[in-house]
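Start counting the sequence shown at 1; every next residue gets the next number (full-length UniProt numbering).
In this text, a Cβ means the ideal position worked out from N, Cα and C, and glycines have one as well.
Note that the structure is a prediction, hence the values are computed from the model and not measured.
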Amino acid sequence: MTQKIKYAKWSLLRVCLHNAVTLCNWVWPMTVSPLKSRNYRGDLALEAKFFKAITGEDMTQEKLDLVAERIFTLHRAYTVKLMQTKDMRNEHDLICSWVFDKDPQNPVFTEGTDKMDRDDMHASLTMFYKEMGWDPQLGCPTRETLQRLGLEDIAADLAAHNLLPA
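Here's what the structure looks like:
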């Protein structure tokens, strides 16, 4: 499950990055080649190379990953502030109950249903929050994560409004 959570984070941050730098999410990232005959597995650094070619700013894949995480976490912090709650798990990240209750005759993870398991989804959210550096019970960015991303001013603002996890 850990690899799935890391991939979920990577995928979400990639969409965030592509929206920020106006890359098409259908084409990017270059993870594979359309021609197997080339024996080419893709080049994730192409996004950074493309960015540098356009802006002239030195950029690496690692720096772009951090930029994407910073944007995604800033958006989360902004949502926390606008909603005036740090309990994002129970007040924002809600999953409709029908996905757990549908097809009562079918067990979860069986052919013919897309029904989900409530406990599994709760555990998945906890794992995702931890992977993002957010409070695992609340789903709110922690002071440490905001500081690591250079968002000390955002941490101070959330703290001033009692919107940071303890």
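Given a threshold of 16 other Cβ atoms within 10 Å of its Cβ, counted over all protein chains shown, does residue i qualify as buried or as exposed?
{"i": "Val-15", "result": "exposed"}
{"i": "Lys-130", "result": "exposed"}
{"i": "Asp-135", "result": "buried"}
{"i": "Glu-47", "result": "buried"}
{"i": "Ala-156", "result": "exposed"}
{"i": "Lys-86", "result": "buried"}
{"i": "Gly-150", "result": "exposed"}
{"i": "Thr-73", "result": "buried"}
{"i": "Glu-62", "result": "exposed"}
{"i": "Gly-139", "result": "buried"}
{"i": "Pro-107", "result": "exposed"}
{"i": "Leu-64", "result": "buried"}
{"i": "Thr-110", "result": "exposed"}
Looking only at DSSP bridge pairs, what is residue i linked to?
{"i": "Pro-141", "result": "Trp-134"}
What would DSSP say about residue i, mapped onto helix, strand or coil?
{"i": "Asp-157", "result": "helix"}
{"i": "Arg-73", "result": "The sequence given here places Thr at residue 73; Arg does not occur at that position. In this structure, Thr-73 counts as helix in the three-state DSSP scheme."}
{"i": "Glu-47", "result": "helix"}
{"i": "Phe-109", "result": "coil"}
{"i": "Thr-85", "result": "coil"}
{"i": "Ile-54", "result": "helix"}
{"i": "Met-121", "result": "helix"}
{"i": "Asp-65", "result": "helix"}
{"i": "Thr-60", "result": "coil"}
{"i": "Arg-38", "result": "helix"}
{"i": "Leu-146", "result": "helix"}
{"i": "Met-127", "result": "helix"}
Where does the unbroken alpha helix (DSSP H) through residue i begin, and where does it stop?
{"i": "Arg-89", "result": "88-91"}
{"i": "Phe-100", "result": "98-101"}
{"i": "Lys-9", "result": "2-21"}
Write down the C-beta distance between residue i and residue j rounded to the nearest angstrom, noting that I regard them as a contact closer than 8 Å.
{"i": "Ala-20", "j": "Ile-54", "result": "At roughly 13 Å, the Cβ-Cβ gap does not stay under 8 Å, so Ala-20 and Ile-54 are not in contact."}
{"i": "Phe-100", "j": "Arg-118", "result": "5 Å"}
{"i": "Phe-128", "j": "Lys-9", "result": "7 Å"}
{"i": "Ile-154", "j": "Ala-77", "result": "5 Å"}
{"i": "Glu-69", "j": "Leu-23", "result": "That belief does not hold up - the Cβ atoms of Glu-69 and Leu-23 are roughly 17 Å apart, past 8 Å."}
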